[in-house]
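Student: Let me begin by handing over the structure; questions about it come next.
Protein chains: 2
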Amino acid sequence: MEKVKQAIQDDYAEDYSYCYGCGRLNQDGLHLRTGWEGEHTVTIYEPRPEHTAIPGFVYGGVIASLIDCHGTGSASLALHRKNGHEPGDRVEPPRFVTGSLQVNFLKPTPQGVPLKAIGKVEEIHPKKWRVVTEVFAGEECVVAGEVIAVVMPKTFVQE
Amino acid sequence: MEKVKQAIQDDYAEDYSYCYGCGRLNQDGLHLRTGWEGEHTVTIYEPRPEHTAIPGFVYGGVIASLIDCHGTGSASLALHRKNGHEPGDRVEPPRFVTGSLQVNFLKPTPQGVPLKAIGKVEEIHPKKWRVVTEVFAGEECVVAGEVIAVVMPKTFVQE
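Going down the list, the sequences are from chains U and P.
The first sequence lines up with residues 1 to 159 when you count with UniProt numbering.
The second sequence lines up with residues 1 to 159 when you count with UniProt numbering.
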């Protein structure tokens, strides 16, 4: 399976690394990882056998999760780059939360295939970024999504 | 915890009961259950400890899953009622798939509290229903969502 080499989630601060979708420290989570591929962002994930809608097809909530964390990760990558940094250069990246999530299920998504989310990131405000995503199963675009990601307020983390 | 007594998912055909979100036969799934409360539909779910965004707050992908299955379940309840049936009367209800899903995260959602999704269902075409949902943590509305649910094509199930 194709793999993201330098993922932004590998550099998140520890406190921000327990996300069920993309936290490297969440033992039960999906461990979604997002990196650059040219000017696009990518996240690759093969859903587990239990992530079924009806047998043979992937559950929409897992695809929504993929688009969600791909969105916040992509926004983090983009703002990090704007600030002069890339994943792997040992600078803590900005952490985003999801303001809104839109998912359009274009075709049934087959199980047993890695899914590749490919995103375009656009700044709409210094603290608010839009990530437009297409999810591919093989050559076929099966789902389209959009996330509005917002820089996480410092007050979000509980002391 | 408040509980839905008569859930539409209890009556889904076996083939349609392996959904990760709402299938009673998916051993690893969330087992979401949706029923009537007056003219509204409700689904009640307390996320697991691992369903965290950052510690103390619920992961958005799980909330999206709640809204997703609450949406298809609500549409099934409504079309079933239109056809003269209620959950529990031993008639197989119609099964819906999600055409699109919109989630607006209004406030951080606290962990350790049951979440209650409350939906309004509207027919926009005999095979296409809109479900507008608000998710409450206690008294507070934390998330708003909308699902366009479509009657599952018969060809969807693999032989």
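Note that beta-carbon positions come from the ideal geometry of N, C-alpha and C, so glycine has one too.
Mind reading off the beta-carbon distance from VAL132/P to GLU146/P? Whole number of angstroms is fine, and I expect it under 8 Å.
Tutor: For the purposes of this step, residue 132/P is taken as the residue at position 132 of the second sequence. For the purposes of this step, residue 146/P is taken as the residue at position 146 of the second sequence. Right, the Cβ-Cβ distance comes to about 5 Å (below 8 Å), so this counts as a contact.
Student: Tell me the rounded alpha-carbon separation between TRP36/P and CYS69/P.
Tutor: Along the second sequence, one-based indexing puts residue 36/P at 36. Along the second sequence, one-based indexing puts residue 69/P at 69. Taking the straight line from one Cα to the other gives about 14 Å.
Student: Could you give the residue range of the beta strand (DSSP E) that holds LYS120/P?
Tutor: Here residue 120/P corresponds to residue number 120 of the second sequence, with the count starting at 1. Here the beta strand (DSSP E) through LYS120/P covers 115–125.
Student: Would you decide whether ARG95/U is buried or exposed? Buried here means 16 or more other CB atoms lie within 10 Å of its CB.
Tutor: Within the first sequence, numbered from 1, the residue matching residue 95/U stands at position 95. When all chains shown are included, ARG95/U counts as buried.
Student: Just mark ALA149/P as buried or exposed, buried being the case when its beta carbon has 16 or more other beta carbons within 10 Å.
Tutor: One-based indexing of the second sequence puts residue 149/P at position 149. So ALA149/P counts as buried.
Student: If THR41/U and GLY112/U are in contact, beta carbons under 8 Å, what's the gap, nearest whole angstrom?
Tutor: Numbered from 1 along the first sequence, position 41 holds the residue referred to as residue 41/U. Numbered from 1 along the first sequence, position 112 holds the residue referred to as residue 112/U. That belief does not hold up - the Cβ atoms of THR41/U and GLY112/U are roughly 25 Å apart, past 8 Å.
Student: If you reduce the DSSP assignment to three classes, tell me which class LYS107/U lands in.
Tutor: For the purposes of this step, residue 107/U is taken as residue 107 along the first sequence, with counting starting at 1. It is coil, neither helix nor strand.
Student: From what residue to what residue does the alpha helix (DSSP H) around ILE63/P run?
Tutor: The residue given as residue 63/P occupies position 63 in the second sequence. Taken as a continuous stretch (DSSP letters only), the alpha helix (DSSP H) holding ILE63/P covers 60–82.
Student: Output the distance between the C-alpha atoms of SER76/U and ASP10/P, rounded to the nearest integer angstrom.
Tutor: To locate residue 76/U, count along the first sequence from 1; it is residue 76. To locate residue 10/P, count along the second sequence from 1; it is residue 10. Cα to Cα, SER76/U sits roughly 42 Å from ASP10/P.
Student: Assess contact between the region 12–22 of chain U and the region 136–143 of chain U, defined as three or more Cβ pairs (one per stretch) separated by less than 8 Å. Is contact present?
Tutor: No, because fewer than three Cβ pairs between the region 12–22 of chain U and the region 136–143 of chain U fall closer than 8 Å, the two stretches do not touch.
Student: Is it the case that the Cβ atoms of VAL151/U and LYS127/U are separated by a distance below 7 Å?
Tutor: For the purposes of this step, residue 151/U is identified with residue 151 of the first sequence, where counting begins at 1. For the purposes of this step, residue 127/U is identified with residue 127 of the first sequence, where counting begins at 1. A contact, by the Cβ cut-off of 7 Å.
Student: Give a yes or no on whether the minimum CB-CB distance between VAL103/U and chain P is below 7 Å.
Tutor: Along the first sequence, read from residue 1 onward, the residue named residue 103/U stands at position 103. It does: the Cβ of VAL103/U has a partner Cβ on chain P nearer than 7 Å.
Student: Between GLU123/P, VAL4/P, TRP129/P and PHE105/P, which lies nearest to GLU46/P when the distance is taken from Cα to Cα?
Tutor: In the second sequence, residue 46/P corresponds to position 46, counting from 1. Comparing Cα positions, the closest option is VAL4/P.
Student: What is the DSSP secondary structure of TYR16/P, reduced to helix, strand or coil?
Tutor: In the second sequence, counting from the first residue as 1, residue 16/P sits at position 16. Note: TYR16/P maps to helix in three-state DSSP.
Student: Do ILE54/P and THR34/P have their CB atoms nearer than 7 Å?
Tutor: Numbered from 1 along the second sequence, position 54 holds the residue referred to as residue 54/P. Numbered from 1 along the second sequence, position 34 holds the residue referred to as residue 34/P. For ILE54/P and THR34/P, no; Cβs fall outside 7 Å.
Student: Which residues of chain A have a Cβ atom closer than 7 Å to the Cβ of HIS51/P, listed in chain order?
Tutor: Although the question refers to chain A, the structure presented lacks it and instead comprises the protein chains U and P.
Student: Return yes when the Cβ of SER74/P is within less than 7 Å of the Cβ of VAL103/P, no when it is not.
Tutor: Start at 1 with the first residue of the second sequence, and residue 103/P comes out as number 103. Start at 1 with the first residue of the second sequence, and residue 74/P comes out as number 74. No, these two residues do not count as a Cβ contact at 7 Å.
Student: Looking at the strands, I want to know which residues DSSP matches up with THR34/U.
Tutor: As a first step, residue 34/U is located in the first sequence; it is residue number 34 there, counting from the start. According to DSSP, which records beta bridges pairwise, THR34/U is partnered with THR43/U.
Student: Please confirm whether ILE44/U and LYS116/U have their CB atoms less than 7 Å apart.
Tutor: Residue mapping note: residue 44/U aligns to position 44 of the first sequence, counting from 1. Residue mapping note: residue 116/U aligns to position 116 of the first sequence, counting from 1. In this structure, LYS116/U lies closer than 7 Å to ILE44/U by Cβ.
Student: Among ALA78/P, GLY138/P, MET1/P and GLU2/P, which one has its Cα closest to the Cα of HIS125/P?
Tutor: Locating residue 125/P in the second sequence gives position 125, counting from the first residue. Among ALA78/P, GLY138/P, MET1/P and GLU2/P, the Cα nearest to that of HIS125/P is on ALA78/P.
Student: How long is the line joining the alpha carbons of THR155/U and GLU92/U, rounded to whole angstroms?
Tutor: Translated into positions along the first sequence, residue 155/U becomes position 155. Translated into positions along the first sequence, residue 92/U becomes position 92. C-alpha separation (whole angstroms): 18 Å.
Student: Just curious, the beta strand (DSSP E) that PHE57/P is in, first and last residue?
Tutor: Taking the first residue of the second sequence as 1, we reach residue 57/P at position 57. No beta strand (DSSP E) holds PHE57/P; DSSP gives it neither H nor E.
Student: On the criterion of 16 or more Cβ atoms from any shown chain inside 10 Å, does GLU159/U qualify as buried, or is it exposed?
Tutor: Working through the first sequence from its first residue, we reach residue 159/U at position 159. Confidence at GLU159/U is low in this model, with a pLDDT of 46, below 50, so its placement is unreliable and the value that follows should be read with caution. Classification of GLU159/U: exposed, given that the 10 Å Cβ count is below 16.
Student: Is there a C-beta anywhere in chain P that falls below 7 Å from the one on ALA144/U?
Tutor: Here residue 144/U refers to the residue found at position 144 of the first sequence. It does not; no Cβ of chain P falls within 7 Å.
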